[in-house]
Amino acid sequence: MSDTVSRRSALRLLGGSIAVAAAATSAGITTPSHAAAQERRDPGAGPRVEGLMAELTLDEKISLLHGATDPESLGQAGYIPGVDRLAIPPLRLADGPAGVRVTRHATALPAPVLLASAFDPALARRYGQVIGREGRALGQDVLLSPMVNLIRTPYAGRNFETFGEDPLLSADLVAQEIKGIQSEGLIATVKHFALNNQEKDRMTLDVRVDERTMHEVELRAFQAAVRAGTGAVMGAYNKVNGTFACQNKELLTGILRDRFGFEGWVMSDWGATHSTAAAITAGLDMEMPDGTHFGKALKTAVENGSVAEKYVERSVRRLLTVMDGFGLLDGSVPPRPARDAAAGAAVALEVAKAGATLLRNENRTLPLTGAAALSIAVIGPTGSIPFVSGGGSAHVVPDRADSPLDAIKSRARQSAGQSARQGAGQGAQVSYALGEDLFGKAIPRGAFSRGLDTEGQPVAAGKTWTYEGVLTVEDADEWTFVIHYSGTRPKVLLDGEELFPVAPGLAEQFTGGLVSTAPDGLTVRRKTLDLAKGPHQVKITARGGDKGQVFRLRRVTGATRAQDVARAVRAARAAHSVVLFVYEDATEGQDRTTLALPGHQAALIEAVTAANPRTTVVLNTSSATSMPWLERTAAVLQMYYPGQEGAAATAAVLFGDCDPGGRLTQTFPLDDDYHPAADDPRRYPGVKGTEQYSEGVHVGHRWYDAQGVRPLFPFGHGLSYTTFSYGDLRVRGSGRGLEVTFTVRNTGRRDGIDIPQVYVGPSPDLQLDQPVRALAGYRRIGLRAGEERRIAVRVDERTLSSWDTERHDWVLGTGRRTVWLGASAGDLRLRTVAEVRT
1 MSDTVSRRSA LRLLGGSIAV AAAATSAGIT TPSHAAAQER RDPGAGPRVE GLMAELTLDE
61 KISLLHGATD PESLGQAGYI PGVDRLAIPP LRLADGPAGV RVTRHATALP APVLLASAFD
121 PALARRYGQV IGREGRALGQ DVLLSPMVNL IRTPYAGRNF ETFGEDPLLS ADLVAQEIKG
181 IQSEGLIATV KHFALNNQEK DRMTLDVRVD ERTMHEVELR AFQAAVRAGT GAVMGAYNKV
241 NGTFACQNKE LLTGILRDRF GFEGWVMSDW GATHSTAAAI TAGLDMEMPD GTHFGKALKT
301 AVENGSVAEK YVERSVRRLL TVMDGFGLLD GSVPPRPARD AAAGAAVALE VAKAGATLLR
361 NENRTLPLTG AAALSIAVIG PTGSIPFVSG GGSAHVVPDR ADSPLDAIKS RARQSAGQSA
421 RQGAGQGAQV SYALGEDLFG KAIPRGAFSR GLDTEGQPVA AGKTWTYEGV LTVEDADEWT
481 FVIHYSGTRP KVLLDGEELF PVAPGLAEQF TGGLVSTAPD GLTVRRKTLD LAKGPHQVKI
541 TARGGDKGQV FRLRRVTGAT RAQDVARAVR AARAAHSVVL FVYEDATEGQ DRTTLALPGH
601 QAALIEAVTA ANPRTTVVLN TSSATSMPWL ERTAAVLQMY YPGQEGAAAT AAVLFGDCDP
661 GGRLTQTFPL DDDYHPAADD PRRYPGVKGT EQYSEGVHVG HRWYDAQGVR PLFPFGHGLS
721 YTTFSYGDLR VRGSGRGLEV TFTVRNTGRR DGIDIPQVYV GPSPDLQLDQ PVRALAGYRR
781 IGLRAGEERR IAVRVDERTL SSWDTERHDW VLGTGRRTVW LGASAGDLRL RTVAEVRT
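Read in full-length UniProt numbering, the sequence shown has 406 at position 406, and its numbers run on one by one without any break.
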């Protein structure tokens, strides 16, 4: 590799990481050191890397291409040992879609889907800066994030980890987040390349997709990540058109390298490598988390000639070039900074407020003011237990996390103080009712034939504890058995059936969300079944392991559930306003099975809204949710997984301290029968291991337009506490793109946030199946009451183009094209026609 090429590589990989001091300061993060170091660095990366390549032995080269055990693990996901004799440092790789996932405390940011709801690329950059600084402060070198796979099915278990269903929005956001991450000196890894849009069967699923769909839909955000300078790319688990993604030459070389110009390194997802020769020659550079295929097997392949050593050298060179670009090889990388927890918390709060999405607000129920703010019943488990993050790779150990109940009480007291100052003299009354029991109640000791006490049963280290007896059920009922444990999962048999079997595969390790962790940190599992009246045989075996453990066995029954609902109804009737929190706990490794809320929460909503129609439902859910109860509610606020500052953000929105600034980045279907994945199992979840992307370019909101299906809430939907009007829509040609201008006026009495959206229709000159309309641009703006502003949105050539499968390239969609301006994909208020010319 020439010196010129090496220097160009280093600069491209750093992307927008130079001269970001001003942006970092605006985020409350003081970190000028890395940017300054990049500007000062001697551009001698080429000779340095080539010098190391000449010194490295074959064993040392191979050691850099697969994961190993970290002798000083910080709880991160992966480790590359480095080569000490040549001063090549080790690399530590941490998960981090919503904060750095290690065993130490970190800022737990809102889920990426909540970040995306703000429609604010600049905020995405600041979000990335927080993670970038914290990653380095916590001893990490590589971040396994961001994830940009599109939301293709509402069931996908990781929808909360990504940005949404729209290619343009996802591309805008990922580019800025990567620039933010890498501006702090942490190497970003965009994932999962490519088409990893579901968790079900993700290890083996064969995704069949045509060339045009792949380029127009899924790959746009990956290309944006490459252009932003991402240092690494993670290959996906699934196959693409018959070949595993991590050994798919069309993906890894033809598209990623040759077309996109990526010059960093490609690592596998954990356990996603399936071969040695086929993978490394196709373009996979690193196997994670171990060396099953890229360890001894790779050395043997080189020695026997089945893999040319040039492929090993190519992969090592890619890795070292990135490391050199970040100052890891010459000692110029700045010292690791201290964590700035306060700055991280400030950004977490800002993001949660900016992405809060108000879906419904009848009769101005929100914001809570006057009498509505002084008499409140808070209901639901996530009203008292902070819901910080989802499970799996996104789980973060937060610095702190307040209860929404406490935040609402505090804010209600402020309202009461203001009321007293105005002479009303009324104090705040905030009550709480559980409503839905997540963690169960003690099984009465006398229900067991041998008087078993299942509350906090200890098991000593190295010991095995067993129990055999009879559980007598007084009345036939639905029982949910809930087990809490601190070590190896106890084995519980009921009438010979194991209630909590250990699931095979990776899904077992992906825990850490609300439902799977008790307030005291014990792991939680559940099993629901109908129990007949009478005796049931019980056998329990628990092992202490190396450290000993404690476990609890509890239950929720129809009878205890009815008691909880009755208490919630009484609380609702006694209050002026109700804030009802509902949840859905998603995690990596498994998909959802329904759009309905889990458990009996729908029945709880029905009961509470019947008792008090002034009920606001707050959704702590991962993705689209069906709402057969919607018309009974007064307001619905979508908060997703809001991070460690979620309680304060939720209270701020409820009481009107800020405008709900979010808009949906995914369409909410009416129910399980009306969405893109509903009508054909070949499309989702797949048939006989194969999944067809038969919807083509009609992803997300485009599908609803093409099919004429009315959703529950359209893409881009979100309400404000004020109102906005649009006017004077004009479009003119601008190069090979368009410039769209219009006025936005705040027609209400409050300051507020609006996100006007521009959509463009198909080209009459292209004989292709095109979307009815596609998102072409947007702008997040804040306007004071009565303020009017002229806005310009540029629509670029890429957005106006389609993929030509004969040319294998983009072709501009010329001719008269309709341009719409609206508040959502379902609320298009103005329309005009523009001429697109070459």
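C-beta atoms are modelled at their ideal positions from N, C-alpha and C, and glycine is treated no differently.
beta-carbon residue i near the ligand GDP non-hydrogen atom, thresh 6 Å
i	result
residue 157	You won't find the ligand GDP in this model; it holds no ligand whatsoever.
Coarse secondary structure for residue i, derived from DSSP in three states
i	result
residue 182	helix
residue 443	coil
residue 228	coil
residue 434	coil
residue 96	coil
residue 119	coil
residue 567	helix
residue 776	strand
residue 214	helix
residue 146	coil
residue 715	coil
residue 155	coil
residue 287	strand
residue 21	Because the pLDDT of residue 21 is 29, which lies under 50, any placement of that residue in the model is unreliable, and the number read from its coordinates should be weighed accordingly. Helix, per DSSP.
residue 595	coil
residue 42	Since pLDDT at residue 42 reaches only 32, below the 50 mark, its modelled position is unreliable, and the value read off the structure follows with that caveat. Three-state result, residue 42: coil.
residue 69	coil
residue 199	coil
residue 170	helix
residue 625	coil
residue 239	strand
residue 248	coil
Whole-number beta carbon distance between residue j and residue i, since they are thought to touch under 8 Å
i	j	result
residue 241	residue 266	Their Cβ separation, rounded to whole angstroms, is 18 Å, which puts residue 241 and residue 266 out of contact at 8 Å.
residue 135	residue 96	6 Å
residue 620	residue 565	Going by Cβ atoms, the distance from residue 620 to residue 565 rounds to 19 Å, so no, they are not a contact pair.
residue 529	residue 476	Their Cβ separation, rounded to whole angstroms, is 12 Å, which puts residue 529 and residue 476 out of contact at 8 Å.
residue 393	residue 104	Residue 393 to residue 104, Cβ: 16 Å. No contact.
residue 783	residue 744	7 Å
residue 461	residue 548	4 Å
residue 569	residue 607	5 Å
residue 659	residue 804	Incorrect: roughly 43 Å between the Cβ atoms, too far for contact.
N-terminal and C-terminal residue of the beta strand (DSSP E) that residue i is part of
i	result
residue 491	491-494
residue 703	Note, residue 703: premise wrong, no beta strand (DSSP E); alpha helix (DSSP H) at 701-707.
residue 531	523-531
residue 206	206-208
residue 730	724-734
residue 619	615-620
residue 685	No beta strand (DSSP E) contains residue 685, which DSSP labels as neither H nor E.
residue 829	827-836
residue 551	549-557
residue 141	Neither: residue 141 is in no beta strand (DSSP E) and is coded neither H nor E.
residue 541	534-543
residue 88	Premise fails: residue 88 is in no beta strand (DSSP E) and is neither H nor E.
residue 721	It is not in any beta strand (DSSP E) - residue 721 carries neither H nor E in the DSSP assignment.
residue 753	752-754
Endpoints, the alpha helix (DSSP H) within which residue i is located
i	result
residue 303	296-303
residue 353	341-355
residue 601	601-611
residue 458	First-last for residue 458: 457-459, but that is the beta strand (DSSP E), not the alpha helix (DSSP H).
residue 313	309-325
residue 62	58-63
residue 650	646-654
**Message:** Under 8 Å, with one C-beta from each stretch per pair, do the stretch 665-674 and the stretch 141-161 reach the 3-pair mark?
**Reply:** yes
**Prompt:** Is the number of C-beta pairs between the stretch 635-651 and the stretch 402-420 that are closer than 8 Å three or more?
**Reply:** yes
**Request:** Please determine if the stretch 725-735 and the stretch 816-830 are in contact, where contact requires at least 3 C-beta pairs separated by less than 8 Å.
**Result:** Look at the beta carbons and you see the stretch 725-735 touching the stretch 816-830: at least three pairs across the two are nearer than 8 Å.
**Message:** Below 8 Å, how does it come out for the stretch 805-813 and the stretch 773-793: are there three or more Cβ pairs, yes or no?
**Reply:** no
**Message:** Is it the case that the stretch 712-722 contacts the stretch 683-692, given that we only count it when at least three CB pairs across the two stretches are under 8 Å?
**Reply:** Result no; under three Cβ-Cβ pairs closer than 8 Å.
**Request:** Just list the beta strand (DSSP E) runs in the stretch 780-809, keeping only unbroken ones of 3 residues or longer that don't cross its boundaries, in chain order.
**Result:** If we require 3 residues or more, the beta strand (DSSP E) runs fully inside the stretch 780-809 come out as 781-783, 788-795 and 801-804.
**Request:** Pair every Cβ in the stretch 620-632 with every Cβ in the stretch 187-199, then say whether three or more of these pairs are closer than 8 Å.
**Result:** no
**Request:** Would you mind listing the beta strand (DSSP E) stretches within the stretch 257-281 that are 3+ residues and don't spill past its ends, in chain order?
**Result:** 265-268
**Message:** Please give the ranges of any beta strand (DSSP E) in the stretch 375-420, keeping only runs that are unbroken, at least 3 residues long and fully inside the region.
**Reply:** 375-379
**Item:** Touching by the beta-carbon criterion (3+ pairs, under 8 Å), the stretch 204-220 and the stretch 127-146
**Value:** Contact between the stretch 204-220 and the stretch 127-146 is absent: fewer than 3 CB-CB pairs across the two stretches fall below 8 Å.
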